[in-house]
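For reference, the structure discussed in these notes is given below.
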Amino acid sequence: MTRKQKRLAMIGAIGLVLAVATGLILVALQDQIMFFRSPTEVAQGKVKPGEAFRLGGLVETGSVVKEPNQIVRFVVTDGANTVRVTHQGILPDLFREGQGVVTEGKLEPGGVFNASTVLARHDENYMPREVADSLKQQGHWKDGKGENKGAKP
Amino acid sequence: MIVELGHFALILGFAVALFQATIPLWGAIRGDAVLARLGAQAALVHFALLALAFAALTHAYLVSDFSVLNVFQNSHSLKPLIYKWSGVWGNHEGSMLLWVLILALFGAGVAVFSKRLPDDMLGATLGVQGLIASAFCAFLIFASNPFLRMPNPPIEGRDLNPVLQDPGLAIHPPLLYLGYVGFSIVFSFAAAALVLGRVDAAFARMIRPWTLAAWITLTLGIAMGSYWAYYELGWGGYWFWDPVENASLMPWLTGTALLHSAIVLEKREALKTWTILLAVVTFSLSLLGTFLVRSGVLTSVHAFAVDPERGLFILLILIAFIGGSFALFAARASALQGGGLFAPISREGALVFNNLFLSVASLAVFVGTLYPLLLEALTGAKISVGPPFFNLTAVPLMVPLFLAIPFGQKLAWKRGDLLGAGQRLWTCMALGVAGAAISAYAAGGGPVLALAGIGLGIFLVLGALDDLLDRALRGGIGMIGARLRAIPQSITAMALAHAGAGLMVIGISATAFETEKIAAMKPGETMALDGYTLRLEGIGPVTGPNYNAIAAEFSLRDAAGTELARLRPAKRVYIGRQMPTSEVGRYRHGLSEIYLAIGETSDGQHVDLRAYHKPYVLLIWLGPLLMSIGGILSLFDRRLRIGVPARRARLRPEPAE
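Respectively, the protein sequence lines represent chains Z and E. Its first residue numbered 115, the first sequence is counted upward by one per residue in my numbering. Its first residue numbered 53, the second sequence is counted upward by one per residue in my numbering.
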């Protein structure tokens with residue numbers, strides 16, 4: 115191979131790998147991402163049937179029901195609308211009534227959200243940002259709620 | 053008093069950093085050896101001052117001085133001593149102080165070994181390091197000062213986030229930071245080389261130990277964090293493609309690429325601009341990681357504080373350094389002489405292959421991590437890019453790389469013989485396929501991809517070790533001992549590191565064969581788990597130093613009925629924050645584990661149990677450990693330390709004061 119051919123072969127190979135990678139990334143961005151929806155958006159019918167998405171809001175106080183076989187039912191609310199959720203499994207440590215929660219799953223035909231995952235939170239003051247934003251939109255967010263109680267300089 | 057001393061030392065350290073950022077750099081550019089050499093003294097003094105500041109904050113934590121706001125918010129007098137130590141960096145301000153301390157440590161390291169460096173290189177490198185240190189010292193002092201006092205000191209602190217109260221946390225952040233920030237010195241070397249217009253084999257030899265040191269600690273830090281998540285978060289997962297994990301993975305991928313491209317630069321004087329670019333990109337990704345973690349734009353276990361002002365400050369530093377370095381790169385890179393082309397089938401060709409795939413994989417992680425932020429900023433739509441995205445992009449991009457490693461190891465410089473290299477590797481490949489078949493038989497089938505992964509891992513391990521075997525056998529049977537001793541340490545290091553990658557692939561693939569069982573159990577009830585039997589012996593309260601817990605005691609028996617262990621998974625509630633955490637029960641056999649986590653025990657009669665049998669799970673972390681051991685061996689290879697030519701052509705050496 116001449117010098118020029120070598121250079122072309124090299125550039126061609128690099129271009130090929132980059133093209134494959136770009137293709138993979140674009141395909142994955144089409145199919146593998148999940149939208150975050152609030153109960154209001156669900157009520158407005160923004161969710162396509164069968165679409166997997168993240169549902170976030172507050173766990174409605176008094177709504178948690180535990181059934182045999184580790185099935186849990188609860189209601190997620192953003193103040194304006196609610197969605198019933200069912201989940202099989204052990205709930206994360208910081209799952210509590212009246213607290214923020216993010217779940218992942220699909221809406222079933224009856225309008226019940228079947229959550230495959232209930233996301234764990236790591237801090238008792240921590241409010242998932244998506245939940246905080248959607249609560250703000252509904253006017254149910256009091257600034258400073260999730261803030262540190264300590265004095266700020 | 054001690055706290056004020058620390059505060060003062062930090063401010064003084066800032067002043068010294070400003071000096072270090074200007075005078076030695078100016079001296080290097082002007083060719084004034086005395087001024088350039090001043091960088092070494094400045095770096096040492098800067099490090100001493102930062103160490104003093106860090107010691108003062110540590111002292112405040114150890115004596116539980118709650119008049120310091122930072123200590124009040126993150127400590128508790130009943131906290132065990134080790135967590136008072138680790139609490140220093142278990143929060144935003146303290147961790148940033150550690151960040152700057154490590155920055156200073158690497159600058160001081162270069163200063164200590166400065167005799168080997170040309171004067172102008174030393175001055176310019178430490179000057180750039182001083183610029184970074186100045187920016188972050190300013191950030192500490194003006195936007196996140198750990199030394200602020202409170203007017204009315206409370207009696208008790210608010211305690212450290214309980215999930216962070218674990219021995220794993222005591223070492224995870226310092227290791228990770230050593231890696232992340234360690235690349236700063238490589239960046240400084242690269243910027244200095246651009247300013248001075250000298251990129252050659254000597255440059256590659258200069259950055260080699262620093263790149264290796266940063267890479268080793270980053271590898272260990274990521275592995276440690278993954279192991280910590282596995283046993284502390286109680287879901288048995290080891291990697292979540294969480295944006296913050298990705299933030300550490302990106303510099304690791306490009307740093308690994310840099311490690312390999314620097315070898316080509318050293319041996320063949322090729323890939324000059326590419327190596328410089330990788331050094332710049334790697335530290336830029338480290339800065340990006342710091343920004344993502346510390347600005348609160350992401351929601352994650354690692355995000356301590358959501359404070360827009362701090363985010364903006366770090367963003368400005370990020371833009372200044374990334375923008376500045378790329379501008380410098382664009383202006384000066386064309387002045388570097390290219391090293392010429394080489395044959396695709398050769399050691400250097402294989403290393404280019406490695407670089408290509410590592411960079412592209414890093415790009416995929418980059419897109420997946422930043423796309424949600426970009427989309428939200430542009431359209432307001434909130435999306436999450438989770439494991440499926442990365443499994444479809446980054447993972448397939450790593451497979452050709454892993455397949456190529458054993459071949460690359462066998463190829464000679466300049467012109468390699470792929471068929472010759474392949475001959476021995478056919479055996480390794482056949483053994484890999486056999487290993488996959490045996491796994492399929494033992495597990496009674498299994499996902500094809502996981503089996504292929506196990507085969508790939510076995511091929512990698514055998515292919516890496518075969519290189520050593522091949523070298524040992526070349527002199528005939530009688531010579532094995534002598535030949536083994538004659539193998540250069542860096543060759544052994546490479547084989548071990550690549551074998552480590554193989555072990556990790558096996559461990560990750562084996563997770564497809566784990567068994568998970570969930571059940572509500574009463575005392576006396578049993579559960580069968582892959583030939584083992586678990587029996588709930590009792591449920592009871594446990595009191596710890598700063599927490600109360602409900603623990604369940606399980607006995608674990610094997611198929612013959614012999615009791616192997618008592619496991620006590622628990623739910624803890626920490627007194628300071630009234631926050632519950634899980635404590636898992638684990639039993640190790642060989643490289644596999646039985647893993648128990650319990651859920652609610654509200655009525656005191658039942659306990660929700662989640663039990664796993666995880667075959668070969670420990671390989672996931674033993675692999676990276678072996679990789680780091682390889683790195684350490686390579687770092688201490690005598691051949692690469694002795695005989696580094698001292699280049700003093702341009703400047704006349706002056707005795708350091």
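For every residue, glycine included, the Cβ atom is placed at its ideal position computed from N, Cα and C. Keep in mind the model is a prediction, meaning the values are calculated, not measured.
Check: Any idea if E:S634 is buried or exposed, counting beta-carbon neighbours within 10 angstroms, 16 or more meaning buried?; Outcome: buried
Check: Over the uninterrupted alpha helix (DSSP H) stretch that includes E:Q125, give me the two end residues.; Outcome: 121 to 126
Check: How many angstroms separate the CA atom of E:I374 from the CA atom of E:S336?; Outcome: 6 Å
Check: Pull up the CB-CB distance for E:A604 and E:I591, whole angstroms please, since I reckon it's below 8 Å.; Outcome: 5 Å
Check: Over the uninterrupted alpha helix (DSSP H) stretch that includes E:A176, give me the two end residues.; Outcome: 171 to 195
Check: Three or more C-beta pairs under 8 Å: does that hold for the stretch 397 to 411 of chain E against the stretch 283 to 293 of chain E?; Outcome: no
Check: In terms of DSSP beta bridges, what is Z:F188 paired with?; Outcome: Z:V199
Check: Would you tell me roughly how many angstroms separate the C-alpha atoms of E:L503 and E:I646, rounded to the nearest one?; Outcome: 22 Å
Check: Counting only beta-carbon separations shorter than 9 Å, does E:G651 have a partner in chain Z?; Outcome: yes
Check: If you draw a straight line from the alpha carbon of E:G695 to that of E:A266, how long is it in whole angstroms?; Outcome: Per-residue confidence for E:G695 stands at a pLDDT of 46, beneath the threshold of 50, marking its modelled position as unreliable; the derived number appears in the next sentence. Taking the straight line joining both Cα atoms gives about 23 Å.
Check: Pull up the DSSP beta-bridge partners for E:R640, would you.; Outcome: E:E645
Check: Hey, would you say E:P458 sits closer than 9 Å to E:D522, going by beta carbons?; Outcome: no
Check: Give me the residue from E:P452, E:G515, E:L453 with the minimum Cα distance to E:Q475.; Outcome: E:G515
Check: Along the chain, which unbroken stretches of the alpha helix (DSSP H) at least 4 residues long are found entirely within the stretch 366 to 451 of chain E?; Outcome: 399 to 431, 439 to 444
Check: Just reading off the alpha helix (DSSP H) that E:A601 is part of, what are its end residues?; Outcome: Not the alpha helix (DSSP H): E:A601 falls in the beta strand (DSSP E), residues 599 to 609.
Check: Mark E:F365 as exposed unless 16 or more other C-beta atoms lie within 10 angstroms of its C-beta, in which case mark it buried.; Outcome: buried
Check: Closer than 8 Å by beta-carbon distance: list the chain Z residues that pair up with E:F441, in chain order.; Outcome: A142, L143, Q146, I147
Check: Grouping DSSP H, G and I as helix and E and B as strand, with all else coil, what is E:E568?; Outcome: strand
Check: Starting from E:D211, find everything on chain B with Cβ-Cβ shorter than 7 Å and list it in chain order.; Outcome: Absent from the structure: chain B. Protein chains present are Z and E.
Check: Using CA atoms only, rank isn't needed, just tell me which of E:L661, E:G613, E:Y423, E:L477 is closest to Z:P206.; Outcome: E:L661
Check: Judging by CA-CA distance, which residue of Z:L169, Z:G225, Z:E222, Z:T191 is the nearest neighbour of Z:T231?; Outcome: Z:L169
Check: Comparing the CB of E:Y626 with every heavy atom of the ligand MG, is any distance shorter than 8 Å?; Outcome: Within the structure as shown, the ligand MG is missing, as the structure has no ligands at all.
Check: So what does DSSP say about E:H665, is it helix, strand or coil?; Outcome: strand
Check: Taking Z:Q184 as the reference, which of E:A534, E:T431, E:I650 has the closest Cα?; Outcome: E:I650
Check: Going by DSSP, which residues form a beta bridge with Z:R151?; Outcome: Z:L169
Check: Can you name the residues of chain Z whose CB is closer than 7 Å to the CB of E:G438?; Outcome: M148
Check: Given this structure, state the Cα-to-Cα distance separating E:Q461 from E:V180, to the nearest angstrom.; Outcome: 36 Å
Check: E:D660 bridges to which residues according to DSSP?; Outcome: E:A572
Check: Rounding to the nearest angstrom, what Cα-Cα distance links Z:N239 and E:P203 in this structure?; Outcome: Bear in mind that a pLDDT of 49 at Z:N239, under 50, signals an unreliable position, so the number given afterwards is only what the model happens to contain. Straight-line Cα distance between these residues: approximately 24 Å.
Check: Can the beta-carbon of E:A91 be found less than 9 Å from the beta-carbon of E:L174?; Outcome: Position check: residue 91 of chain E holds Gly in this sequence, whereas Ala was assumed. Cβ atoms of E:G91 and E:L174: closer than 9 Å.
Check: Determine, using beta-carbon pairs with one atom in the stretch 224 to 244 of chain E and one in the stretch 97 to 115 of chain E, whether at least three such pairs fall under 8 Å.; Outcome: no
Check: What whole-angstrom Cβ distance do E:G438 and E:W291 have, given they're in contact under 8 Å?; Outcome: With 8 Å as the limit, E:G438 and E:W291 do not qualify as a contact, their Cβ atoms being about 12 Å apart.
Check: Under 8 Å Cβ to Cβ from E:A464, same chain only, skipping five residues before and after it: list those, please.; Outcome: S398, R399
Check: Can you check whether the CB of Z:F227 is closer than 9 Å to the CB of E:I435?; Outcome: no
Check: For Z:A135, go through chain E and note every residue whose CB falls closer than 7 Å to its CB, in chain order.; Outcome: V412, L415, A416, L449
Check: DSSP three-state call for E:L64: helix, strand or coil?; Outcome: helix
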